[in-house]
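Q:
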Amino acid sequence: MPLLDWNEQLTLGHDEIDSQHQMLVDMINDLHEQLQGGHERQGLTDAIQGLKAYADYHFAEEERLMLRHGFPELETHRLAHLEFQEQVEAFTAAILREQYQETSLKVLAFLTGWLNRHIQRDDRIFVEFAIRH
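The letter at position 73 of the sequence shown is residue 60 when you use this note's numbering, and the numbering goes up by one with no holes.
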């Protein structure tokens, strides 16, 4: 059973961004399945790093689109992306040095909450701006 379901609230109406968001949701769900399956610490950190690498790609693409459209909130949006990247790095380090099951649950809570909020609030604002401009 997926942790995070793709739904209409996450669909923004921009094919490229929606497709990338769906991939992030799938990767979070894969991480959740690994955690439920009792995978080892290194497997979890590898999965988190894979998710972070894809998120980095997605953020760069999103920021490129924002620049192209002259989105006035680009810097604020970049800071939100940076917050995500820093938090994922901190969680990865914590998994390597602490109780990885407990930290992994915190990672999943952060990822699902952050992605839901970011898509529904920040990314929606950009897509609506891009459609108008």
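Ideal Cβ placement from N, Cα and C applies to all residues, glycine included.
(1) Cβ of Thr90 versus every heavy atom of the ligand NAP: is any distance shorter than 7 Å?
(2) Between Glu76 and chain B, is any beta-carbon pair separated by less than 8 Å?
(3) From the DSSP output, in three-state form, read off Leu(-9) for me.
(4) Kindly indicate the opening and closing residues of the alpha helix (DSSP H) around Asp2.
(5) Please state whether DSSP places Phe58 in a helix, a strand or coil.
(6) With three or more C-beta pairs closer than 8 Å as the rule, is the stretch 1 to 18 touching the stretch 98 to 105?
(7) Which value, in whole angstroms, describes the spacing of the CA atoms of Lys93 and His120?
(8) Check whether the stretch 15 to 30 and the stretch 51 to 61 touch, using three or more Cβ-Cβ pairs below 8 Å as the test.
(9) Along the chain, where does the alpha helix (DSSP H) containing Glu115 start, and where does it finish?
(10) Just the C-alpha distance for Asn(-6) and Ile82, rounded to the nearest angstrom, thanks.
(11) Under 8 Å, do Thr90 and Phe78 count as touching if we go by C-beta distance?
(12) Buried or exposed: which applies to Gln36, given that a residue is buried once 16 or more other Cβ atoms fall within 10 Å of its Cβ?
A: Taking the coordinates as given:
(1) Ligands in the displayed structure: none, and consequently the ligand NAP is not present.
(2) The structure shown contains no chain B; it is built from a single protein chain.
(3) Correct three-state label for Leu(-9): coil.
(4) Note, Asp2: alpha helix (DSSP H), Asp2 to Gln23.
(5) Coil at Phe58, not helix or strand.
(6) Touching, yes.
(7) Each residue's CA atom was taken as its position, placing Lys93 and His120 some 39 Å apart.
(8) Flag = no, the stretch 15 to 30 and the stretch 51 to 61 do not touch.
(9) Going by DSSP, Glu115 is part of the alpha helix (DSSP H) stretching over Arg111 to Arg119.
(10) About 30 Å.
(11) Contact: yes.
(12) Around the C-beta of Gln36, fewer than 16 other C-beta atoms lie within 10 Å, and the residue is accordingly described as exposed.
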